[in-house]
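So the working numbering is basically just the index in the sequence shown, starting at one, shifted up by 4.
Glycine included, each C-beta is placed from N, C-alpha and C at the ideal position.
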Amino acid sequence: MNKVAIPSQLDTTVLAETFRLLGDPTRLRILFFCLDEPRSVGDIATSLDLSQSLVSHHLRLLRGARLVRGNRQAKQIFYKLADEHVSDMLVDMAHHVCEEQFDD
Numbered sequence: 005m006n007k008v009a010i011p012s013q014l015d016t017t018v019l020a021e022t023f024r025l026l027g028d029p030t031r032l033r034i035l036f037f038c039l040d041e042p043r044s045v046g047d048i049a050t051s052l053d054l055s056q057s058l059v060s061h062h063l064r065l066l067r068g069a070r071l072v073r074g075n076r077q078a079k080q081i082f083y084k085l086a087d088e089h090v091s092d093m094l095v096d097m098a099h100h101v102c103e104e105q106f107d108d
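Now the structure itself:
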């Protein structure tokens, strides 16, 4: 197991807020949808059956938490996960949830 320094009180607060944001199923769906390639707001909205305004709202929160970043191409912004830390954490937690449950 990797030894990690205990975060400062401020860092712990930021981390808790990040996990709170990840506690919303819609935001998680958006993150998983953007996992493999950058996606536009319209593509996210259509594919996940959400309104564009709702997707934009969630993306604003996810950007603020540095979980996604946008790249403008002409008149559209394409969103992708901010870095490998975010994608690795999502994939690892999805694997964890899907593991077979073992009785102790």
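Asked                                                                                                                                          : Found
G138 lies in the alpha helix (DSSP H); which residues open and close that run?                                                                 : A query on residue 138 cannot be resolved here, the shown segment of the chain reaching from 5 to 108 and no further.
Name the residue from E21, L39, S12 and P11 whose alpha carbon lies nearest to the alpha carbon of V95.                                        : L39
For L66, report the span of its beta strand (DSSP E) as first-last.                                                                            : Taken as a continuous stretch (DSSP letters only), L66 belongs to no beta strand (DSSP E), being part of the alpha helix (DSSP H) at Q56 to G68.
Helix, strand or coil: which one does DSSP assign to V8?                                                                                       : coil
Given a threshold of 16 other Cβ atoms within 10 Å of its Cβ, counted over all protein chains shown, does H89 qualify as buried or as exposed? : exposed
List the residues that DSSP assigns as beta-bridge partners of F82.                                                                            : S44 and N75
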